[in-house]
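2 protein chains.
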Amino acid sequence: MPGATVTPGRPTTIALDCMGGDHGPVEAVEAAAQLSLSRPDFHLILVGDVNELGPLLDEREYEPGRISFRHTPDWITMEDSPRTAMDDKPEASVLVACHLVADGRADAVVTAGNTGAAILAAARKMGRIPGVRRAALAAVTPTEQTHGPNEDPFALLLDVGATLTASARDLVTFAIMGSAYAEAISNNPRPSVALLSNGTEAHKGPPEVVGAHEMLAELSEVNFAGNVEGLDIPRGSVDVVVTSGFLGNVVLKMLEGIGEVISELAKDAYARRFLWRFGLTMLSSGLRQIQQALDWEQYGGAPILGFSQPIIKAHGRSKARAIGNACKVAVKAARSDMGRVIERAVAKVPSVEEEGTQA
Amino acid sequence: MPGATVTPGRPTTIALDCMGGDHGPVEAVEAAAQLSLSRPDFHLILVGDVNELGPLLDEREYEPGRISFRHTPDWITMEDSPRTAMDDKPEASVLVACHLVADGRADAVVTAGNTGAAILAAARKMGRIPGVRRAALAAVTPTEQTHGPNEDPFALLLDVGATLTASARDLVTFAIMGSAYAEAISNNPRPSVALLSNGTEAHKGPPEVVGAHEMLAELSEVNFAGNVEGLDIPRGSVDVVVTSGFLGNVVLKMLEGIGEVISELAKDAYARRFLWRFGLTMLSSGLRQIQQALDWEQYGGAPILGFSQPIIKAHGRSKARAIGNACKVAVKAARSDMGRVIERAVAKVPSVEEEGTQA
């Protein structure tokens, strides 16, 4: 469980896969160097080709006591088929990073590499939380309303693509995991959780959503707010939105596309300064809000939930700041008791036979 | 078939359900009065309580030869359960309007009432196009790219909620119907059609999407562009996007929610005029584009596809202009041969047994 295996005295340790991101190892090494100077409370193991990582680190200021290496020359590219790569590259950096956690030498994994490979590597090396049948990839989405005591303008959406379909029991498990993660990361003691459907009424939606609604209504461990509709995703009516991976993936990519279309507007810094100077603060602050929302990918990465230790997937195009944020989030998750919270709540879900609802 | 039953000499006739919209009959009557003055090429039958409709029409200028009435005191409200209302209110205006078409006294139906009731009324009275197993509700969505010779900044999305799940064969039928409708309405001789999925590769998506992809790749009647992702919905990479009703409903409502959030920005007409005067045309035209896109609901209503004659569902909050546009679209559809085009293409789809993919 996260938090359970942290040896007293040993600082929380992150296995940082340095190899798979779009920018190569330089951004991961830069993030590690900065964190080593500012965060005495945790240790980083840089996983990758030491012939590349060593010189990159040497060019930077860093605190040597807080960084170590685990050398491996192999890594999985964005173009590799995740499933094939698992067998063809057993020493790939993401597999080695997950192995370090399985061995108890690290407490969490951070990677900016191939998402499918990260999910499969976690499944192969780390094992699932007892009772969890399917892992879920979660993502933050920009919202109009703010969430939790930190007033984050983001909500958590899961699953966004770890698997395509989900049974009623899977959706309930996703609700439990999303709730535990939001609680651990956002200091939100009782995040509100909803199912995405085509209407707010309990009977609305395909059978797996109706079934999950029934089970969640009985489960005191989750602050269940019922169903939400597509409208509520940009509004942000709840803290955690639960859906199947197929629908979650479409929703997430749609938000990305809308962000791209709108960014044409928000890009023009001169125009914004101009507006502000002439007192059109409403228009100017609106554009600023949109631009901040477009930056949501930078907020710490997407957790892959359901495994016995935290694994955070930073976006492929992450720069040092985003990878650093992902490491901070991973440390927070590793120190929480979310694994135990999830295990305890999942144990209360009735294990009905309902494989028929799976495609 | 649309176009097939139009008697030579008789003008194309629309059965206009005047009763179900949010604004009551006044907007429908206003639309009819305006159309009677400007469009000598078609006739309107106003369906509803003649005690209300008569006085409303008398208050207006109109061309008496182009409007007639079919009295019925009953109608289905937005709050009624569509299924129950079918039996409880056999003389409801939407059922009467569909019956007029079934009887050959009208060529198309327009209604701003309860969507579920419109779909059920069409199914009960008009009958499906041979080979079509499930009807689909289509909607236009605002896009960055334009479509067809008219350069419409909209694409067609279907199904958006006539039913929840769809088999591979249903998705292929939706593709055929969406293509035929886009061709008839947008003068687009060969609209591009894509399946919504979680990746562009043919093997991506749940089994029904993969199966539909295989069938569409073989079907020369549809200009099949493969799979598109969530990103492509706001971009508008294709003219017609095909998905199941559950996913389509979430996507459509999400766009509505995003529109609401953004409209805070676009609302300020003074600011826009101001920008324009100071030469900030890029910013100003961006806001204008967003505002136009927000107005997409006004563009003619949502066709319910799959029935032997056209039925157009205008938004519940439609004013006279929107209802008038829906009538014009209905006339265009009634005069096209889309029913025959759909029947011929559907006949070529292999009727595999694949009910197992249905939830």
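Going down the list, the sequences are from chains A and B. Each residue of the first sequence is one higher than the last, beginning at 1 in the working numbering. Each residue of the second sequence is one higher than the last, beginning at 1001 in the working numbering. Glycine residues also receive a C-beta, built at the ideal position from the N, C-alpha and C atoms.
Distance, Cα to Cα, residue i vs residue j?
i, j, result
"A:His-147", "A:Ala-155", "7 angstroms"
"B:Thr-1141", "B:Asp-1103", "34 angstroms"
"B:Ala-1175", "B:Ala-1015", "27 angstroms"
"A:Pro-64", "A:Gly-113", "25 angstroms"
"A:Leu-44", "A:Thr-111", "13 angstroms"
"A:Asp-88", "A:Leu-95", "12 angstroms"
"B:Val-1210", "B:Ala-1168", "8 angstroms"
"B:Pro-1153", "B:Ala-1032", "27 angstroms"
"B:Cys-1327", "A:Val-172", "46 angstroms"
"A:Ser-179", "B:Glu-1059", "59 angstroms"
"B:Met-1177", "B:Val-1132", "9 angstroms"
"B:Lys-1348", "B:Ala-1166", "19 angstroms"
"A:Ser-38", "A:Gly-324", "11 angstroms"
"A:Pro-40", "A:Pro-11", "9 angstroms"
"B:Pro-1207", "A:Glu-27", "39 angstroms"
"A:Gln-358", "B:Gln-1309", "Any answer about A:Gln-358 is weak, because its pLDDT of 38 lies below 50 and its placement is not dependable; what the coordinates show is given next. Using only the alpha carbons, I get a separation of about 36 angstroms."
"A:Asp-74", "A:Ser-36", "25 angstroms"
"B:Gly-1020", "B:Ile-1067", "19 angstroms"
"B:Phe-1042", "B:Ala-1330", "11 angstroms"
"A:Ala-121", "B:Ala-1320", "59 angstroms"
"A:Ala-212", "A:Pro-350", "11 angstroms"
"B:Ser-1237", "B:Gly-1199", "14 angstroms"
"A:Val-346", "A:Ala-136", "14 angstroms"
"B:Gly-1003", "B:Ala-1322", "With a pLDDT of 43 at B:Gly-1003, under the threshold of 50, the predicted position of this residue should be treated as unreliable, though the coordinate-derived value follows. Rounded to the nearest angstrom, the two C-alpha atoms are 24 angstroms apart."
"B:Leu-1057", "B:Ile-1076", "22 angstroms"
The beta strand (DSSP E) spanning residue i covers which residue range?
i, result
"B:Thr-1084", "That residue, B:Thr-1084, is in no beta strand (DSSP E); its alpha helix (DSSP H) goes 1082–1088."
"A:Phe-69", "67–71"
"B:Val-1193", "1192–1196"
"A:Pro-189", "Neither: A:Pro-189 is in no beta strand (DSSP E) and is coded neither H nor E."
"A:Leu-305", "302–305"
"B:Ile-1312", "1311–1313"
Given a cut-off of 8 angstroms, decide if residue j and residue i are closer than it, judged by their beta-carbon atoms.
i, j, result
"A:Ile-233", "B:Gly-1257", "yes"
"A:Ile-311", "A:Ala-184", "no"
"B:Leu-1252", "B:Val-1228", "no"
"A:Gly-306", "A:Arg-134", "yes"
"A:Phe-69", "A:Leu-100", "no"
"B:Gly-1191", "B:Asp-1239", "Inspection of the sequence shows that residue 1191 of chain B is occupied by Pro rather than by Gly. For B:Pro-1191 and B:Asp-1239, yes; Cβs fall inside 8 angstroms."
"A:Arg-344", "A:Asp-22", "no"
"A:Asn-187", "A:Asn-150", "yes"
"B:Asp-1158", "B:Ala-1138", "It should be noted that the sequence gives Leu, not Asp, for residue 1158 of chain B. The answer is yes: Cβ separation under 8 angstroms."
"A:Ala-106", "A:Asp-17", "no"
"B:Thr-1072", "B:Gly-1048", "yes"
"B:Thr-1115", "B:Lys-1313", "yes"
"B:Arg-1124", "B:Met-1086", "yes"
"A:Val-241", "A:Ala-194", "yes"
"B:Ala-1118", "B:Asp-1080", "no"
"B:Arg-1254", "A:Gly-230", "One point to set straight first is that residue 1254 of chain B is Met, not Arg, in the sequence displayed. Cβ atoms of B:Met-1254 and A:Gly-230: closer than 8 angstroms."
Specify, as a first and last residue, the run of the alpha helix (DSSP H) that residue i falls within.
i, result
"A:Ser-351", "No alpha helix (DSSP H) holds A:Ser-351; DSSP gives it neither H nor E."
"B:Thr-1013", "Where B:Thr-1013 is concerned, there is no enclosing alpha helix (DSSP H), although the beta strand (DSSP E) it sits in stretches over 1012–1017."
"A:Phe-174", "168–186"
"B:Pro-1055", "1050–1058"
"A:Ile-323", "320–335"
"B:Ala-1028", "1025–1038"
Go ahead and label residue i buried or exposed: buried means 16 or more other beta carbons lie within 10 angstroms of its beta carbon, across all protein chains shown.
i, result
"A:Ser-220", "exposed"
"A:Pro-25", "buried"
"A:Met-338", "buried"
"A:His-203", "exposed"
"B:Ser-1244", "buried"
"A:Glu-218", "exposed"
"A:Met-215", "buried"
"B:Glu-1201", "exposed"
List the residues of chain C whose Cβ lies closer than 9 angstroms to the Cβ of residue i, in chain order.
i, result
"A:Thr-141", "Although the question refers to chain C, the structure presented lacks it and instead comprises the protein chains A and B."
Between residue i and the ligand SAM, is the CB less than 7 angstroms from at least one heavy atom?
i, result
"A:Pro-350", "The model depicted lacks the ligand SAM and carries no ligand whatsoever."
(request) Taking only runs that begin and end inside the segment 205–273 of chain A, name each unbroken beta strand (DSSP E) of 3 or more residues, in chain order. (result) 223–228, 240–242
(request) At 4 residues or longer, and completely inside the segment 1094–1155 of chain B: list those alpha helix (DSSP H) runs for me, N to C. (result) 1115–1125
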